[in-house]
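Scroll down for the structure; my scribbles are underneath it.
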Amino acid sequence: MGANADMNVALSRIVGLWSGVLLAMGLAACVSGGGAMVASPPAEPEVLILASHDSFNISEQVLAEFETAHHAEVQYLALGDAGAALNKMLLSKEDPLADVMFGVDNSFLSRALEGDLFVAYASPQLEGIANDLRLDASNRLLPVDFGFVNLNADRAWFEEQGLPLPTSLEELAQPAYRGLLVVQNPATSSPGLSFLLATIGHFGDDWPDFWTDLRLNDVLVTSGWSEAYFTHFTVGSGGTGDRPLVVSYSTSPPADVLFAEDGREIPASVNLNLKGGTFRQIEFVGIVQGTERLALAQAFVDFMLGSTFQEDIPLNMFVYPALTAAALPDLFVQFADIPSDPVHVDPVDIEQNRELWIEQWTEIMLR
Numbered sequence: 007m008g009a010n011a012d013m014n015v016a017l018s019r020i021v022g023l024w025s026g027v028l029l030a031m032g033l034a035a036c037v038s039g040g041g042a043m044v045a046s047p048p049a050e051p052e053v054l055i056l057a058s059h060d061s062f063n064i065s066e067q068v069l070a071e072f073e074t075a076h077h078a079e080v081q082y083l084a085l086g087d088a089g090a091a092l093n094k095m096l097l098s099k100e101d102p103l104a105d106v107m108f109g110v111d112n113s114f115l116s117r118a119l120e121g122d123l124f125v126a127y128a129s130p131q132l133e134g135i136a137n138d139l140r141l142d143a144s145n146r147l148l149p150v151d152f153g154f155v156n157l158n159a160d161r162a163w164f165e166e167q168g169l170p171l172p173t174s175l176e177e178l179a180q181p182a183y184r185g186l187l188v189v190q191n192p193a194t195s196s197p198g199l200s201f202l203l204a205t206i207g208h209f210g211d212d213w214p215d216f217w218t219d220l221r222l223n224d225v226l227v228t229s230g231w232s233e234a235y236f237t238h239f240t241v242g243s244g245g246t247g248d249r250p251l252v253v254s255y256s257t258s259p260p261a262d263v264l265f266a267e268d269g270r271e272i273p274a275s276v277n278l279n280l281k282g283g284t285f286r287q288i289e290f291v292g293i294v295q296g297t298e299r300l301a302l303a304q305a306f307v308d309f310m311l312g313s314t315f316q317e318d319i320p321l322n323m324f325v326y327p328a329l330t331a332a333a334l335p336d337l338f339v340q341f342a343d344i345p346s347d348p349v350h351v352d353p354v355d356i357e358q359n360r361e362l363w364i365e366q367w368t369e370i371m372l373r
């Protein structure tokens, strides 16, 4: 009995000693300056870098929904217009600038795919995306939105002048419309390039003749859309501009109502949707090759193709959501158009000829 008692005492001391050690370790983990008991700090959110062109825009509360659900922080990296953004991503491919890139459109699709910049990801959300928007069978670039570049006109200006709205591209070169049109340089502007592509698709090999006629008819060329729309277009400039025709988007009339300072309920601008004068832009998202946050990047792509993000697109970026079931705001239903017959130019042809076409256009218009 004595031996057993001594053993029990020894065991009790050992257990007590280890309990004290464990307690001290626990206290050390929980005690901070001043001896106060505090919880361990939460893990920092995982950072996801989203690269895009300068026109990316989405509601803060929508982005916060993703960040909260995934304990993440989305950082936006603006890289210029669509072409410049893609070039920067390709040049930095060995040391990626971002985890996800949004904003490659169908005029740069082939360049992006040939540059092997993105990894394939067949998001389950693709089931809700229209097949005609899915131009990349490898699923390296997934469609997020689409829009239509076309001509907008100042309806009241034409009524006041007693001049009918043009009904064809060819009419734009007629004397009656001299000095009325402003377009953008396709070398520096996405809508400018889209309108050039529309004319190439419509006129074929004769497209240089059309642009020569436009130049002779005093067409104005600006470097970008903002200058054309807000400085020279009579509607966008608030009447200070002198061009009642502009290359813009079929969704510009809803924006005209939303941002009008005079409280107008009807757009001052109208879509012309001239045959051969409309080009459909599709914008894509892709997961950048080499990302160290692949799972989070995939989750963000899923989120971009989901209804919450998709239904936030129209009144932020003024394009259509790619998700077929996404509800459209009333302004789009009332005043935006989906042209029935936009011009199509194969992305492969665009990639092979883009620089040559721009060079030819520049020779005609700016030299």
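Just so you know, we're using the working numbering here: the sequence shown kicks off at 7 and counts up by one.
Ideal Cβ positions, reconstructed from N, Cα and C, are used throughout, including at glycine.
Note that this is a predicted model, so its numbers are computed, not measured.
Proximity to residue i [Cα-Cα], best of the options
| i | options | result |
| --- | --- | --- |
| Glu289 | Leu69, Ala193, Arg299 and Phe152 | Phe152 |
| Gly86 | Phe108, Ser313 and Gly185 | Phe108 |
| Met95 | Gly121, Gln81 and Met323 | Gly121 |
| Leu54 | Ala305, Gly134, Gln180 and Ser229 | Ala305 |
| Val354 | Ala274, Ala118 and Thr257 | Ala118 |
| Gly242 | Thr218, Glu267, Asp142 and Ala57 | Glu267 |
| Asn137 | Asp352, Glu361, Ile370 and Thr330 | Thr330 |
| Ser256 | Gly247, Leu157, Ser116 and Pro170 | Leu157 |
| Ala49 | Pro181, Phe72, Glu79 and Tyr127 | Glu79 |
| Gly282 | Trp367, Phe216 and Val339 | Phe216 |
| Ile135 | Val125, Phe124 and Leu147 | Leu147 |
| Leu139 | Glu357, Tyr326 and Asn359 | Tyr326 |
| Ala234 | Asp211, Asp212, Ser258 and Thr218 | Ser258 |
| Ser98 | Phe124, Trp367, Pro273 and Glu73 | Phe124 |
| Gln76 | Gln167, Asn112, Glu66 and Ala303 | Gln is not the amino acid found at residue 76; the sequence shown has His there. With distances taken between Cα atoms, His76 lies closest to Ala303. |
| Gly296 | Phe62, Gln67 and Glu100 | Glu100 |
Contact under 7 Å by Cβ, residue i with residue j
| i | j | result |
| --- | --- | --- |
| Ala4 | Pro149 | Because the chain spans 7 through 373 in this model, residue 4 falls outside it and cannot be assessed. |
| Pro51 | Val294 | no |
| Arg299 | Asp105 | yes |
| Gln287 | Ser200 | yes |
| Leu334 | Pro250 | no |
| Asp262 | Ser275 | yes |
| Leu175 | Leu280 | yes |
| Ala332 | Ser313 | yes |
| Ser232 | Asn191 | no |
| Leu220 | Ala182 | no |
| Glu357 | Ser116 | yes |
| Arg184 | Asp211 | no |
| Pro260 | Phe338 | yes |
Own chain residues within Cβ distance below 8 Å of residue i, not counting five before or after
| i | result |
| --- | --- |
| Ile64 | Phe315, Asp318, Ile319, Asn322 and Met323 |
| Leu83 | Ile55, Leu56, Ala57, Ser58, Leu103 and Ala104 |
| Ser284 | Here residue 284 is Thr; the residue named in the question, Ser, does not match the sequence. Once the five neighbours on either side are set aside, the close Cβ partners of Thr284 are Phe154, Val155, Asn156, Ala204, Ser256, Pro345, Asp347, Pro348 and Val349. |
| Ala238 | In the sequence as presented, Ala is not what sits at residue 238; that position holds His. Answer for His238: Val188, Leu226, Thr228, Gly247, Asp248, Arg249 and Val252, listed in chain order. |
Integer Cβ distance of residue i from residue j, believed to fall under 8 Å
| i | j | result |
| --- | --- | --- |
| Asp308 | Ser129 | 5 Å |
| Leu222 | Val188 | Incorrect: roughly 16 Å between the Cβ atoms, too far for contact. |
| Pro197 | Ile370 | With a Cβ gap of about 19 Å, Pro197 and Ile370 do not count as contacting. |
| Thr368 | Ala193 | 6 Å |
| Asn112 | Leu141 | 6 Å |
Cβ shell of residue i (< 7 Å), same chain only, five flanking positions each side left out
| i | result |
| --- | --- |
| Trp363 | Leu202 and Ile206 |
| Val27 | For Val27, the pLDDT reaches just 39, beneath the cut-off of 50, and the residue's location in the model is therefore unreliable, although a value from the coordinates is still provided. Contacts found: none. |
| Val351 | Leu203, Ile206 and Gly207 |
| Glu271 | Val263 |
| Phe114 | Ala88, Gly89 and Leu92 |
| Ser144 | Ala126 |
| Glu71 | Thr314 |
| Leu29 | With a pLDDT of 40 at Leu29, under the threshold of 50, the predicted position of this residue should be treated as unreliable, though the coordinate-derived value follows. There are no such residues. |
| Leu169 | Ala182 |
Same chain, Cβ closer than 6 Å to residue i, neighbours up to 5 away in sequence not counted
| i | result |
| --- | --- |
| Met310 | Val150 and Val291 |
| Thr240 | Asp160, Trp163, Gly247 and Pro250 |
| Leu278 | Leu157 and Ala159 |
| Phe209 | Phe216 |
| Arg373 | none |
| Val37 | Confidence at Val37 is low in this model, with a pLDDT of 43, below 50, so its placement is unreliable and the value that follows should be read with caution. Same-chain partners within the cutoff: there are none. |
Min CB distance residue i to chain D below 7 Å
| i | result |
| --- | --- |
| Val294 | As a matter of chain content, chain D is missing from the structure shown, which is built from one protein chain. |
- Message: Please give me, in chain order, every unbroken run of the alpha helix (DSSP H) with length at least 4 that falls completely inside the region 50-106.
- Response: 66-76 and 88-97
- Of all the beta strand (DSSP E) runs that stay within the bounds of the region 172-238, which reach a length of 3 or more residues? 187-190 and 226-228
- In chain order, which alpha helix (DSSP H) runs of at least 4 residues are fully inside the region 279-340? 300-311, 313-316 and 320-323
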